[in-house]
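>
2 protein chains.
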Amino acid sequence: MSKRPNISSSKGTGILTDSLLDNVPLLNILGAQDRQRILGELSETRYGKDDFIFREGDPTEYFHIVKEGTVKCVKSTPDGKECTLKMLMPGDLFCCDAAAFDGGCHPGTAQPMGNVSILRMHRKTYFDMLRRSPDAAMEVIKYLGNRLNEAQEKTKILALDRADQRLAALLADLAARNGIKDAQGIRLSMRLTRQDMANMIGATTETVIRIMSRFKRERLVSGTANRLVILNLEKLKAFLSV
Amino acid sequence: MSKRPNISSSKGTGILTDSLLDNVPLLNILGAQDRQRILGELSETRYGKDDFIFREGDPTEYFHIVKEGTVKCVKSTPDGKECTLKMLMPGDLFCCDAAAFDGGCHPGTAQPMGNVSILRMHRKTYFDMLRRSPDAAMEVIKYLGNRLNEAQEKTKILALDRADQRLAALLADLAARNGIKDAQGIRLSMRLTRQDMANMIGATTETVIRIMSRFKRERLVSGTANRLVILNLEKLKAFLSV
DNA sequence: TCAAAAACATGATATTGGTCATGTTTTATC
DNA sequence: GATAAAACATGACCAATATCATGTTTTTGA
């Protein structure tokens, strides 16, 4: 079940200076010298679809940044039910949180949704950086605050909305974050099965399939996993509770 | 509907040095001088049950600390449905988050659950403090990380568990955080109606009443809002999914 | 202490969404 | 391009929970 990752660490090489890192505010905010030093402390690892970056219960030793690809954060129950908490995109930070402080354990699993490239830094280095640079600390506070707000909005939707509303909210959110406008509508840039969506909205795969079939009949969406298109974002948003 | 608060600001008086502030890590971590200066910048306000500390959509100007009492963070829909995201207890921080950064708006409402006393500091002062003191910044990062983990655990429960499991999880959590051991069991220290519980677990009041009736029959809990006692925490925990 | 309001309780019924079963279509892989 | 696996689809049925209605008990406040 758990394949080992394709490790291709590039610590100390020139690879990390490439343009993919230009959209990481946490790194950009550092002075030139600090930035260079920190880049030297980051190591890069590539993972594939069936790897785990870490699993629920593993010790938290590193702070991570998504460089390329999409990573999902999931929690699961002993009987195999799964819930996807968040999809992390390039530039997203993870494990900046408290679990990393007291040598605790990961509260969830981080799993690639395809080929990804992850940068990581030892917690000690990370905490050093935060202590040295008030700008970096403020950036992390800002990032965590946004994550908390997102999580609370999700809580509200789970607590108060019906499955079709939750799905509409998910699709609208993905369209805004990861949508690429094309001739027919807004195409989602990542592969996303009905199962994936079900895990994100707290419903079963069958329920999502039924709702998607309805949305398709109503010309709100089209396509399946590899090519999902939002045809009518406005009408989709009319489902939302607020 | 919205009464004005009972303002009794005590900025600059000796009141803020009282022992209630000894359990606020963010303040304790500061050096003696800084601490004194920051205490001078905090103002205290008292609110009653029907006041609002702030409401969804209000501009975020202040950072807050709960000094006394319990505050609930809620979000609501236009049609009057409500969901309680978090109960804040003495020592808890709020609005340390990103909304406060760019002069944005509060994503939810903060409402006292009885008489409370709240300290607040202007965002400018708060950000100054964080920039000056790496320890304070680390404390806030730690706090936000914990809040994020809590929120994600709540998401998982909402997404995967039945109403009786969600209620059991809530009661177990409250027993651990706010329980006072007494002869019969663990008494919860705050008033908590079936309605309050319903808003916390994403269910209706009737559903919570029915489940509580069942839990009562099974001798897991006893009492109502003003005196809620957990009689058998172990058996209650046996309901949880993990 | 008395009245009004809030909280608690329970039944009947409707709705939503889960479960299980079965079949088709699409995608991935050799 | 054949074949296996994954994803998508749909129906029948059932369980969980919402909704609505009505009544009792407890709490609050004048």
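Quick mapping for you: the protein sequence lines, in order, are chains U and L. 242 is the number that the working numbering gives the last residue of the first sequence; the numbers go up by one with no jumps. 484 is the number that the working numbering gives the last residue of the second sequence; the numbers go up by one with no jumps. Built from N, CA and C at the ideal position, the CB exists for glycine as well.
Whole angstroms are fine: how far does the CA of L/Tyr304 sit from the CA of L/Cys337?
Answer to the nearest angstrom: the Cα atoms are 7 Å apart.
> Got a sec, what are the start and stop residues for the alpha helix (DSSP H) U/Ile118 sits in?
Premise fails: U/Ile118 lies in the beta strand (DSSP E), Val116 to His122, not in any alpha helix (DSSP H).
> What residues from chain L crowd round U/Asp97, counting only those whose CB sits closer than 7 Å?
Those are Gly387, Leu390 and Asn391, listed as they occur along chain L.
> What does L/Ile295 reach in chain U if we use C-beta pairs closer than 8 Å?
Simply none; closest approach about 16 Å.
> If you follow the alpha helix (DSSP H) that U/Ala198 is in, where does it begin and where does it stop?
From DSSP, the alpha helix (DSSP H) with U/Ala198 extends over Arg194 to Ile201.
> Three or more C-beta pairs under 8 Å: does that hold for the region 27 to 43 of chain U against the region 98 to 113 of chain U?
Too few Cβ pairs lie closer than 8 Å, so no.
> Quick check: the Cα distance between U/Ala168 and U/His106, rounded to an integer number of angstroms?
Looking at the two C-alpha atoms, the distance is approximately 30 Å.
> Report yes or no: is there a C-beta of chain U within less than 8 Å of the C-beta of L/Arg436?
No, because no Cβ of chain U sits closer than 8 Å to the Cβ of L/Arg436.
> Ends of the alpha helix (DSSP H) at L/Val450?
Per DSSP, L/Val450 belongs to the alpha helix (DSSP H) from Thr447 to Arg459.
> Can you find a C-beta in chain U that's less than 8 Å from the C-beta of L/Arg373?
Taking Cβ atoms only, chain U reaches closer than 8 Å to L/Arg373, which makes this a yes.
> State yes or no: is the beta carbon of L/Leu327 nearer than 8 Å to at least one beta carbon in chain U?
Output row for L/Leu327: interface = yes.
> Between U/Leu160 and chain L, is there a C-beta pair that is closer than 8 Å?
Output row for U/Leu160: interface = yes.
> Please state whether DSSP places L/Leu462 in a helix, a strand or coil.
Looking at L/Leu462 - three-state DSSP - the assignment turns out to be coil, as it is neither helix nor strand.
> For L/Gly256 and L/Ala274, what's the separation of their Cα atoms in angstroms?
For L/Gly256, the predicted structure reports a pLDDT of 43, less than 50, and the residue's modelled location is therefore unreliable. The matter cannot be settled from this model.
> If you count every other CB in all the chains shown that lies within 10 Å of the CB of U/Ser76, and 16 or more means buried, which is it?
Flag for U/Ser76 reads buried.
> Quick check on L/Ile399: does DSSP put it in helix, strand or coil?
Helix.
> Please classify L/Leu281: does DSSP put it in a helix, a strand, or coil?
Three-state result, L/Leu281: helix.
> Determine whether the beta carbon atoms of U/Gln195 and U/Leu231 lie at a separation below 8 Å.
No, the pair does not count as a contact, with Cβ atoms beyond the cut-off.
> Please list the residues of the region 66 to 92 of chain U that have a C-beta atom closer than 7 Å to any C-beta atom in chain L, keeping them in chain order.
From the region 66 to 92 of chain U, only Lys75, Thr77, Pro78, Lys81, Cys83 and Leu85 have a Cβ closer than 7 Å to chain L.
> Could you give the first and the last residue of the continuous beta strand (DSSP E) run that contains L/Arg429?
Where L/Arg429 is concerned, the enclosing beta strand (DSSP E) stretches over Ile428 to Leu430.
> Below 7 Å CB to CB, which residues in the same chain sit around U/Thr205 once its five sequence neighbours on both sides are set aside?
The answer, listed in chain order, is Arg194, Gln195 and Ala198.
> Which residue from U/Leu170, U/Ala110, U/Leu188 and U/Ile180 puts its Cα closest to that of U/Lys49?
Looking at the Cα atoms, U/Ala110 is the closest of the given residues.
> Name the one or two DSSP bridge partners that U/Thr125 has.
The partner list for U/Thr125 (beta bridge, DSSP) is empty, contrary to what the question assumes.
> If we define contact as Cβ-Cβ less than 8 Å, is L/Arg469 a contact residue for chain U?
It does not; no Cβ of chain U falls within 8 Å.
> Which residue or residues does DSSP assign as beta-bridge partners of U/Leu93?
Its beta-bridge partners are U/Ile65.
> Can you name the start and end residues of the beta strand (DSSP E) that U/Lys81 belongs to?
U/Lys81 -> no beta strand (DSSP E), and no H or E assigned at all.
> Between L/Met412 and L/Ile443, which are expected to be in contact by the criterion C-beta below 8 Å, what is the C-beta distance as a whole number of angstroms?
Correcting the residue type first, residue 412 of chain L is Leu in the shown sequence and not Met. Their Cβ separation, rounded to whole angstroms, is 6 Å, which keeps L/Leu412 and L/Ile443 in contact under 8 Å.
> Please classify U/Gly14: does DSSP put it in a helix, a strand, or coil?
Only weak support is given to the placement of U/Gly14: the predicted model assigns it a pLDDT of 43, under 50, and the value that follows is read from those uncertain coordinates. Three-state result, U/Gly14: helix.
> In terms of residue numbering, what span does the beta strand (DSSP E) encompassing U/Ala110 cover?
Note, U/Ala110: beta strand (DSSP E), Thr109 to Pro112.
> Do you know how far the Cα of L/Ala480 is from the Cα of L/Leu327?
Rounded to the nearest angstrom, the two C-alpha atoms are 24 Å apart.
> What does L/Pro349 reach in chain U if we use C-beta pairs closer than 9 Å?
By Cβ distance, chain U contributes Asn149, Gln152 and Glu153.
> Between L/Pro267 and chain U, is there a C-beta pair that is closer than 8 Å?
So, not an interface residue.
> Whose Cβ in chain U lies nearer than 8 Å to the Cβ of L/Val508?
The requested residue 508 of chain L is not part of the displayed model; chain L covers only 243 to 484.
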